[in-house]
Amino acid sequence: MKHAQYNREPINAKFRLPEPMNMPILSANPTIISHALHPNDSFLIFASDGLWEHLSNEKAVAIVHSHPRAGSAKRLVKAALQEAARKREMRYSDLRKIDKKVRRHFHDDITVIVLFFNHDLISRGAVQDPPVSIRSALEH
Numbered sequence: 001m002k003h004a005q006y007n008r009e010p011i012n013a014k015f016r017l018p019e020p021m022n023m024p025i026l027s028a029n030p031t032i033i034s035h036a037l038h039p040n041d042s043f044l045i046f047a048s049d050g051l052w053e054h055l056s057n058e059k060a061v062a063i064v065h066s067h068p069r070a071g072s073a074k075r076l077v078k079a080a081l082q083e084a085a086r087k088r089e090m091r092y093s094d095l096r097k098i099d100k101k102v103r104r105h106f107h108d109d110i111t112v113i114v115l116f117f118n119h120d121l122i123s124r125g126a127v128q129d130p131p132v133s134i135r136s137a138l139e140h
């Protein structure tokens, strides 16, 4: 929409801008919150606004806390998609059947990383590099 070539037919006139924009539409300035770690902190959830649009902080923490470790990020994505479907008065299974290019009209992109803390290693000052596993929830 920022450039004239995208601000014309076949886009409906009510969605077009009267004049091209000169400033950026998106900002790369993230919302950052600082929190001092305590011994009872066991994980940290990094997520895009697509998750927080559908889940409260408390709900997300409850999901991770009740199902720790493997698959936590995937569970959060699924819970957000279930809530997005509920808000649209449809079933989650029906939402999943919609082409991913069209689903953008039903929910924002959702990216989630859950980082678990091992306080024993932290307190011992362990320097060994633990194995890293990165998984994707692209099937959602």
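The UniProt record's numbering applies: residue 1 is where the sequence shown begins, and numbers increase by one. All residues carry an ideal CB built from backbone N, CA and C; glycine is no exception. Just so it is clear, the structure is predicted and the values come from calculations on it, not from any experiment.
My output table needs one value for residue i: the three-state DSSP class, helix, strand or coil.
i	result
Leu76	helix
His140	Low confidence applies to His140: its pLDDT is 48, below 50, so where it sits in the model is not reliable, and the reading given next is rough at best. Coil.
Ile32	coil
Leu37	coil
Phe15	helix
Out of the options, which has the shortest C-alpha to C-alpha gap to residue i?
i	options	result
Phe46	Lys87, Ala70, His67, Ile113	Ile113
Ala79	Asn29, Ile98, Leu44, Asn57	Asn57
Leu115	Leu51, Asp41, Asp94	Asp41
Leu81	Val61, Arg103, Arg69	Arg103
Contact defined as beta carbons within less than 8 Å: I believe residue i pairs with residue j. What is the distance between those atoms, to the nearest angstrom?
i	j	result
His105	Glu83	In fact, because the Cβ distance is near 16 Å, the residues do not count as touching under 8 Å.
Ile110	Ser48	6 Å
Asp108	Gly50	4 Å
Cutting at 7 Å between CB atoms, please list the residues of its own chain near residue i, excluding the five before and the five after it.
i	result
Arg88	Phe106
Ser72	Val64, Val114
Phe43	Val64, Val114, Leu115, Phe116, Phe117
Val61	none
Within its chain, find whatever has a CB closer than 8 Å to the CB of residue i; leave out the 5 residues flanking it on each side and keep chain order.
i	result
Ala85	Arg91, Tyr92, Asp94, Leu95, Phe106
Arg75	Ile63, Val64, His67
Lys59	Ala79
With a threshold of 6 Å on Cβ separation, who are the neighbours of residue i within its own chain once the five nearest residues in sequence on each side are excluded?
i	result
Trp52	none
Unbroken stretches of the beta strand (DSSP E), 3 residues or longer, contained in the stretch 41-76 | Unbroken beta strand (DSSP E) runs of no fewer than 3 residues, entirely contained in the stretch 41-76, are found at 43-47, following chain order.
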